Amino acid sequence: MEFTAANVEQVVRQFYCQGFVQQEIHQWLTSAQFSPAAWVFSWELISPSKTMEVQFFGASCLHVKIARFWAELPPEQYHTLKDQLIEKIAQFAKGPKIVLTRLCIGLSSLILHLTPDHWADPIQSLISLFQQENPNLDSTQRCHLLLEILTVLPEEFFSSTLTQSRRAELRHELSKALPHVMWLLQSLLNSSNLVSKVREQALKSLASWADFGLEPEQAEPLVTLVFQALNKHETFDTAVDTLVKIFSHPDMHRYPNTLQKLLMHVLRLQEMFQKAIVEKDMETVHGLCRVVMSALENNTKLLVKYIQEGGEKREFGLALLNIVILYTFPPGQFPVDENCSDISFTFWYMLQDELFECESGELRDLVPIFQPLYYNLIQVLLVKVQYPEEEEFESWSKDEQEAFRCFRQDIGDTMMYAFNVVREPVLGFFCSTLGQLIEQSKTQAIRWQTVEGIFFMFGSMAECVDLEETVYLPMLMNMVPSINFNNITLLSTALYMIVLQGLSNSKVGTAATIALKDITRESLDHIRPFIPQILSTSQERDAMRLMSCVGQVLSVLPIPDIMNYLDAILVPRLTNMQQLVKQEPSELVQKQLVFQVQLLSWLFSTLDTERDTNEQEGQMQKHHSGPKPVYVVMQQILPTVQELVAKWKTETSVVEAVSEMFKKSLTTLMDDFQPLANNVADMMIQMYESTPHASILDVARQIVLLFGSDASFTQYLNTLLNVVCNKTLQMYPAVLREPDVVEAFMIFLGNLLKKTRRLLVSSGVNLEAILKAGITTMAVAEQCVVKASCFFVIEFLTAGYEEESIKAVVNNNIQFILDRVLRAIGGEAARHIMEIISDVLLACCKYHFAVVNTTIRLLLETEGYPSPRASPQDKQNFIKTVISDKSNKRRMREIVKEFSLLCRGLLGTEYVEVAKQFL
4 MEFTAANVEQ
14 VVRQFYCQGF
24 VQQEIHQWLT
34 SAQFSPAAWV
44 FSWELISPSK
54 TMEVQFFGAS
64 CLHVKIARFW
74 AELPPEQYHT
84 LKDQLIEKIA
94 QFAKGPKIVL
104 TRLCIGLSSL
114 ILHLTPDHWA
124 DPIQSLISLF
134 QQENPNLDST
144 QRCHLLLEIL
154 TVLPEEFFSS
164 TLTQSRRAEL
174 RHELSKALPH
184 VMWLLQSLLN
194 SSNLVSKVRE
204 QALKSLASWA
214 DFGLEPEQAE
224 PLVTLVFQAL
234 NKHETFDTAV
244 DTLVKIFSHP
254 DMHRYPNTLQ
264 KLLMHVLRLQ
274 EMFQKAIVEK
284 DMETVHGLCR
294 VVMSALENNT
304 KLLVKYIQEG
314 GEKREFGLAL
324 LNIVILYTFP
334 PGQFPVDENC
344 SDISFTFWYM
354 LQDELFECES
364 GELRDLVPIF
374 QPLYYNLIQV
384 LLVKVQYPEE
394 EEFESWSKDE
404 QEAFRCFRQD
414 IGDTMMYAFN
424 VVREPVLGFF
434 CSTLGQLIEQ
444 SKTQAIRWQT
454 VEGIFFMFGS
464 MAECVDLEET
474 VYLPMLMNMV
484 PSINFNNITL
494 LSTALYMIVL
504 QGLSNSKVGT
514 AATIALKDIT
524 RESLDHIRPF
534 IPQILSTSQE
544 RDAMRLMSCV
554 GQVLSVLPIP
564 DIMNYLDAIL
574 VPRLTNMQQL
584 VKQEPSELVQ
594 KQLVFQVQLL
604 SWLFSTLDTE
614 RDTNEQEGQM
624 QKHHSGPKPV
634 YVVMQQILPT
644 VQELVAKWKT
654 ETSVVEAVSE
664 MFKKSLTTLM
674 DDFQPLANNV
684 ADMMIQMYES
694 TPHASILDVA
704 RQIVLLFGSD
714 ASFTQYLNTL
724 LNVVCNKTLQ
734 MYPAVLREPD
744 VVEAFMIFLG
754 NLLKKTRRLL
764 VSSGVNLEAI
774 LKAGITTMAV
784 AEQCVVKASC
794 FFVIEFLTAG
804 YEEESIKAVV
814 NNNIQFILDR
824 VLRAIGGEAA
834 RHIMEIISDV
844 LLACCKYHFA
854 VVNTTIRLLL
864 ETEGYPSPRA
874 SPQDKQNFIK
884 TVISDKSNKR
894 RMREIVKEFS
904 LLCRGLLGTE
914 YVEVAKQFL
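All the letters of the sequence shown, read from the start, carry residue numbers 4 to 922 under our numbering.
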């Protein structure tokens, strides 16, 4: 269908009425926007007689054409287009607003193209134009239109794709107009009879231009007017956004004197804040909090300087810091009663960072001054971190509960910042508070929330406390038995100190398990006295999550003790597993079997009797004799697993679980796995023939690499290799729909070629077939698969340099390899994989230069290959540079990247220039 105004209007109407064909219509409308005809039909669509949707599309088309297809417009039409746009903007002074804004954005894009060569002073020209009397527009309308243009112009500048030099040129031109804009906005905001909507638009315009960086000395009167706008309800929100923009600019700190004057305005907001609290106007509280925090968190260096200077400056700085405490502690419960106490958390992080930037002597002098401030903060956080009453918390929505969880986590981080400054005295404060609560509990009921909050704070500081701390932590541990843990939430928080009690409670089992895993991992050298309690408790429930803890703990015991505990823990489960294997297949039986196998995987992953320990225990481990416990267990379960595999080898979940168990045991046993290798390889073969899976290939790769040189294992290895290769090749090309299998297969083959290529050559595997599979796989969409296949092809090419049988295969298929590489470079593959593609070309040239030199010339003689954008001379230059730099990896990547850009029509474009800035 032709791109005419009538056709486009019809399709736009369909787009908004017929949702079931929107995707197809969207594609057609996008093509219409990009077409040269859009320069013409856009104006017809903006006609006042059209519907708002049609007008908006017409204005959007015009913006797209100006922004992205400027080169299509002849220079002699530039000023005609400018005049037409300004005229249309005046026509839409009364709306619709979305059409007017889109037209203003189009004019902004036009300004960016015309300035300065074709329009030297656009801002001044527009200000003068809209100041003139217009019979069709009153003064308010003219003011509104001018402010709308001034608002969207900076936004269009920062969102447009520009070269670095062009952006710098435009920034300079627009910055020259900044004083004119400031003068206009100040005169408007100073006007007492200005309508509220225009005042709000002026504030928005100021916020937009603030990104260019206001000169505070010049802008101070204007910013003062913005603070005054906070007192008017109709302009409050916009004034807040404007002040946040101004204070957030990175250059603000360069003007400390002016900044101090502006911070005085921040200090005066306290009265408005207190009034909003009394009136429970939380929206105003939230807005004021945003202003205060943006002003202070971006100027922490100045605050610290005030404190260091002493005198009135110090008093001023401390007053500002206490304001932050005030805004951190609005009344009510976050997030249902208030939603601003979390805004201050970034400030406390920035302040800590700034303090630690000081010299050690300066910091030592500052800490006593900041200490009272931080104690106030800690008391505030202790209140804010507490849960509400249980009934109230249960009445909250899931989103509110999640917001509170995140809020507590942020409090924990802030508590850590405070501890880093004040250090151990904070521990004393919490111990003292907890001791007082314990004393009170003897005569009256205390809120469990307060106790839980204290434990939460201790947990937040735990990572920062010195390992040698011997005063407050023992004091805390001595108080723990005196606490009545009658609340589940309190118990969950305190579980790092009472882990084993928590394991038996279903509601806090997760927290207890995580705590126990951390403790056993970090404190293995000291865990021996508690092993009986841990193992007896671990048998009670939640075996899956606890089995890794069991492995950690058992690893420090003598082998006989390990086996005794394993018998007690595993025999009932192995018996259950044997019974399950003999039952008729069902979904329930499958889940239970997978669970039992996963249980063993967790145990095997951590039960390592040769782990690094301290010197004394290391000596003891050397005296261990006999097989490792994991090997003994594997021997015991092998018949059951063989029966399991034979019966369930078609079920993916079973295959994954069994493969993972073999992988964990292999990682733990390493060479000691050798007696089991034949049986395991046999099961791998059975499973892969039935259900090819990436996890099987992962285990097979480890077995082959570990035992490939073992003569007794050769027969099984050859069988394993042939089954894996033949089965996967039979599935081509359908297997490409399973990228995880293809990726694992390519990595499997690449590692074989890299580490044990003789094994692959002597196995009888069809080398030509696997190479062709790798070449085919280089063309898929998934990046990870392409990288894996390129890795395999590179290793194949490398091996061909030394192995004659592989070299013959390479010579027979070099045309296919180069064709795939050249097509990828020409545009059939994504640009972000060009580096790995260039590495394939490098391997071709480096190891098979003679045949590559002839073949690449023949391929590139084809017209339009690999891209019609590459001329014969371009291709000759490409061949010449490839041949001359055939051994330089970095240079080869540069050559391929440049030729690929040329083939895609991107070489030298603005898009590439901009992209370079981010790469």
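Think of the CB as a built atom: it goes at the ideal place given N, C-alpha and C, for glycine as much as any other residue. The structure presented is a predicted model; accordingly, all values stated were derived computationally and were not measured.
So, is C467 buried or exposed, given that buried needs 16 or more other C-beta atoms within 10 angstroms? By the beta-carbon neighbour count (other beta carbons within 10 angstroms, threshold 16), C467 is exposed.
N725 - partner residues in DSSP beta bridges: N725 pairs with nothing; no bridge assigned.
Check for me: the alpha helix (DSSP H) holding D244 runs from which residue to which? 236-251
Going by beta carbon distance, what residues of the same chain come within less than 7 Å of E659, once the five residues before and after it are set aside? H696, S698
In whole angstroms, what separates the C-alpha of E47 from that of Q94? Using only the alpha carbons, I get a separation of about 14 Å.
The region 132-139 contacting the region 188-200, beta-carbon criterion three pairs below 8 Å: no
Quick one: give me the first and last residue of the alpha helix (DSSP H) that T986 is part of. Summary: the structure shown does not reach residue 986, with the chain confined to residues 4 through 922, and so no result is reported for it.
Option nearest S435 by Cα separation, candidates M482, S604, T118: M482
Which first and last residues belong to the alpha helix (DSSP H) in which F72 is found? Run containing F72: none; DSSP gives neither H nor E here.
Segments assigned alpha helix (DSSP H), at least 4 residues, entirely inside the region 130-218: Considered as a whole, the region 130-218 harbours 142-162, 167-193, 199-212 as its complete alpha helix (DSSP H) runs of no fewer than 4 residues, in chain order.
Inter-residue Cα distance where the pair is L148 and D240: For L148 and D240, the gap between their C-alpha atoms comes out near 21 Å.
Tell me which same chain residues have a C-beta within less than 8 Å of the C-beta of I640, skipping the five on either side of it? For I640, same chain residues with a beta-carbon under 8 Å away, outside a window of 5 residues either side, are L577, M580, L603 in chain order.
Note down, one range per segment and in chain order, each alpha helix (DSSP H) of at least 4 residues found wholly within the region 370-433. 393-398, 401-425
Exposed or buried, what is Q447 when buried is set at 16 or more other beta-carbons lying within 10 Å of its beta-carbon? exposed
Please report the straight-line C-alpha distance between L76 and A70, rounded to a whole angstrom. 11 Å
Any non-hydrogen atom of the ligand PLP closer than 7 Å to V14 Cβ: Looking at this structure, you won't find the ligand PLP or any other ligand, since it has none at all.
Assess contact between the region 77-93 and the region 31-39, defined as three or more Cβ pairs (one per stretch) separated by less than 8 Å. Is contact present? no
Could you tell me if S52 is buried or exposed, where buried requires 16 or more neighbouring beta carbons within 10 angstroms of its beta carbon? exposed
Should V789 and V796 be called a contact, given that it needs their Cβ atoms to be closer than 8 Å? no
Along the alpha helix (DSSP H) that carries Q818, what are the first and last residues, could you check? 807-826
Under the three-state DSSP convention, the category E472 falls into: coil
For the alpha helix (DSSP H) that contains P338, what are its first and last residues? Unbroken run through P338: none, as it is neither H nor E.
For L770 and E809, believed in contact at Cβ under 8 Å, the rounded distance: Residue 809 is actually Ile in this sequence, not Glu. That belief holds up - the Cβ atoms of I809 and L770 are roughly 6 Å apart, short of 8 Å.
As a quick exercise: from L323, G98, P428, pick the residue whose alpha carbon is nearest that of V370. P428
Starting from G290, trace the alpha helix (DSSP H) in both directions and tell me its first and last residue. 285-300
Count the other CB atoms within 10 Å of the CB of K667; is the residue buried (16 or more) or exposed (fewer)? buried
Are the CB atoms of M419 and S347 within a distance shorter than 8 Å? no
Test item: CB-CB of P632 and L596 under 8 Å: Their beta carbons are not under 8 Å apart, which means P632 does not touch L596 by this criterion.
As a quick exercise: from Q599, I562, I572, pick the residue whose alpha carbon is nearest that of T612. Considering only alpha carbons, the answer is I562.
If you draw a straight line from the C-alpha of V155 to the C-alpha of I114, how long is it? 11 Å
For Q263, tell me which candidate among F881, I108, K304, E646 has the shortest Cα-Cα distance. K304
Among the candidates K775, A9, Y81, whose CA atom is the shortest distance from the CA of T54? A9
Between L700, L583, V201, G554, which has its C-alpha nearest D141's C-alpha? V201
Answer with buried or exposed for M4, where buried requires no fewer than 16 other C-beta atoms within 10 angstroms of its C-beta. exposed
For Y735 versus T779, is the C-beta spacing smaller than 8 Å? yes
Count the other C-beta atoms from every protein chain shown that fall within 10 angstroms of the C-beta of P477, then say buried if there are 16 or more, exposed otherwise. Burial call: exposed.
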